[in-house]
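*Asks:* Residue numbers (this note's numbering), protein chains in the order written: chain A, 5 to 296; chain B, 5 to 296.
Backbone N, C-alpha and C fix where the C-beta goes; we use that ideal spot for every residue, glycine too.
Take a look at the following structure, please.
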């Protein structure tokens, strides 16, 4: 198994719902006019609470500096688990539950904070750049660690830490944050960049001009699968607490339930297959120490 | 001939080139997401100097109030000359040179300031709402004056002025402002609203993210006609001076040269067929009293 350290240096930021008009100019450039920007990594997540933007340094320059943009205090790097050797193109995507034991749990054991971003194709594990030596040290026994430099995947330079740390005793990780699950059903989909212009007005409408998804729209997934969400967190979670992704993903991994996991500026969100939602909530509540 | 007074109450505003990101959110809604706004009249003109926005009251609410938005001091109404009886759909578009003698000159004679906006389909003559009684009085001998109310064209209520004014003596109107003509060639085109989504990213790029028209784009008109521009004005023209449109359109009408005429916040612009540009500039310079 390979762990790829991507070259994007990422910022994680939040925009309040009512302030989004200030950022539309830059966000439309990032989302729809890729030839106009040097940005290579861009994510926008809308929740009832805010918009979370994850963007590389080049893309960050497209956003106005504003008191209405809250930026997390660190630069983040994206990690990618790739099964089998070689390039991205030949690799298989791996669900977040599949990396729960090999990546998420060991990082939690070492008190390394992670920020997860699942996409249709792959799962990005974001870690603080300053934590990278600890990350690679923690994961080097399980993974071949490679680094992407100028688009080429090369062996990572030795980032080993002279004072190796003791492998911590594995402990149970109860779910400690409140959970909620909205009634919405979600579709996870992927778009060929070439088809983006054809759906741009539709997507702009959804992204910036609609409260929720327009009811007249029906995206259909090839598989027909629909997903339901578990939101993790009562108060905003912040970026320092470790182990939250592990608390959620380990029970899912134990039950072999596939899941997308999307961290936002304030809360975490797991998407699980519709038919598994009751079981998932039950299992997580048991882990919370609720009645069972 | 009919003169239709449209029901839109229009604002004319200007945004500096560098401030356009503040207004992109609202402008994209107005231009591409008509179902999201009650706006029924919207025009955006980009020049090297600024963006000029002409928009009805409902659309004006979509723009943020900002020190970066300069707004002309009046509410404007749009007039439309329709030849023959009946509805818009059966009417023929009429070029600005064709209304030079019947509309533009009489209004200039009465010192009524106008703001012109030619489109592919028609020519809008904007007048200040407070000037409407003078406008209708001036034009009532030549036109049947109709008013659009709730989308229906109805006979205009009697707007006659008790003290009718004396028909002024027709005078020659020399061109008094400096003229310039950029080397650019222009294509005037029209778009079915249904095809707008398909070209939205292209148009957004042109409108907000490009300096000038991207060179890799080639719009072709059905007729193959290309147009050249005469810009009127050295210093910004303001909104109070009367007769500018008349100074330009009367010589064009005398020579029977078709023209589009587009007023912006700072300058006026006439578009004439490429093959006529030398003749037009010569005729206008003669009218300026230049050497001939």
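I want to see whether chain A comes within less than 7 Å of residue 25(B), judged by CB atoms only; does it?
*Replies:* yes
*Asks:* Please report how far the alpha carbon of residue 90(B) lies from the alpha carbon of residue 265(B), in whole angstroms.
*Replies:* Low confidence applies to residue 90(B): its pLDDT is 46, below 50, so where it sits in the model is not reliable, and the reading given next is rough at best. Roughly 26 Å between the two C-alpha positions.
*Asks:* Please name the residue in 181(B), 247(B), 212(B), 60(B) whose C-alpha comes closest to that of residue 11(B).
*Replies:* 60(B)
*Asks:* Alpha carbon to alpha carbon, how far is residue 92(B) from residue 153(B)?
*Replies:* Confidence at residue 92(B) is low in this model, with a pLDDT of 47, below 50, so the placement of that residue should be treated as unreliable; the coordinate-derived value is given next. Using only the alpha carbons, I get a separation of about 14 Å.
*Asks:* What residues from chain A crowd round residue 17(B), counting only those whose CB sits closer than 7 Å?
*Replies:* In chain order: nothing, as chain A lies at least about 17 Å away.
*Asks:* Just the Cα atoms here: how many angstroms apart are residue 70(A) and residue 20(A)?
*Replies:* 12 Å
*Asks:* Roughly how many angstroms separate the alpha carbons of residue 298(A) and residue 116(A), rounded to a whole number?
*Replies:* Chain A is shown only over 5 to 296; residue 298(A) falls outside these bounds and no answer can be derived.
*Asks:* Assess contact between the segment 228-238 of chain B and the segment 276-290 of chain B, defined as three or more Cβ pairs (one per stretch) separated by less than 8 Å. Is contact present?
*Replies:* Segments in contact, yes.
*Asks:* Shorter than 7 Å from the beta carbon of residue 51(B) to some beta carbon of chain A?
*Replies:* no
*Asks:* Would you grab the beta carbon distance between residue 180(B) and residue 251(B) for me? Rounded to a whole angstrom, and I think it's under 8 Å.
*Replies:* Indeed, because the Cβ distance is near 7 Å, the residues count as touching under 8 Å.
*Asks:* What beta strand (DSSP E) runs, 3 residues minimum, are completely inside the segment 17-104 of chain A?
*Replies:* 46-50, 54-60, 73-75, 80-86
*Asks:* Between residue 43(B) and residue 31(B), is the Cβ-Cβ spacing less than 7 Å?
*Replies:* no
*Asks:* Should residue 56(A) and residue 36(B) be called a contact, given that it needs their Cβ atoms to be closer than 7 Å?
*Replies:* Cβ atoms of residue 56(A) and residue 36(B): not closer than 7 Å.
*Asks:* For residue 236(B), go through chain A and note every residue whose CB falls closer than 8 Å to its CB, in chain order.
*Replies:* Within 8 Å Cβ-Cβ: nothing; residue 236(B) doesn't reach chain A, min ~31 Å.
*Asks:* Output the residue ranges of the alpha helix (DSSP H) runs that lie fully inside the segment 223-268 of chain A and measure 4 residues or longer, sorted by chain position.
*Replies:* 248-258
*Asks:* Would you say residue 40(B) lies against chain A (beta-carbon separation less than 7 Å)?
*Replies:* yes
*Asks:* What three-state label does DSSP hand residue 282(B) in the structure shown?
*Replies:* The three-state secondary structure of residue 282(B), taken from DSSP, is helix.
*Asks:* Taking buried to mean at least 16 other C-beta atoms within 10 Å of its own C-beta, is residue 176(A) buried or exposed?
*Replies:* exposed
*Asks:* Just mark residue 239(A) as buried or exposed, buried being the case when its beta carbon has 16 or more other beta carbons within 10 Å.
*Replies:* exposed
*Asks:* Using 7 Å as the limit for Cβ to Cβ distance, is residue 265(A) near chain B?
*Replies:* no
*Asks:* Within 10 angstroms of the Cβ of residue 82(B), are there 16 or more other Cβ atoms? Answer buried if so, exposed if not.
*Replies:* buried
*Asks:* Report yes if the C-beta distance between residue 286(A) and residue 150(A) is below 7 Å; otherwise report no.
*Replies:* no
*Asks:* Taking beta-carbon pairs under 9 Å, can you tell me which members of the segment 192-214 of chain A lie near chain B?
*Replies:* Correct list: 200, 201, 202, 203, 204, 205, 206, 208, 209, 212, 213, 214.
*Asks:* If you follow the beta strand (DSSP E) that residue 158(A) is in, where does it begin and where does it stop?
*Replies:* 156-159
*Asks:* Would you say residue 83(A) faces chain B, with C-beta separation under 7 Å as the test?
*Replies:* no
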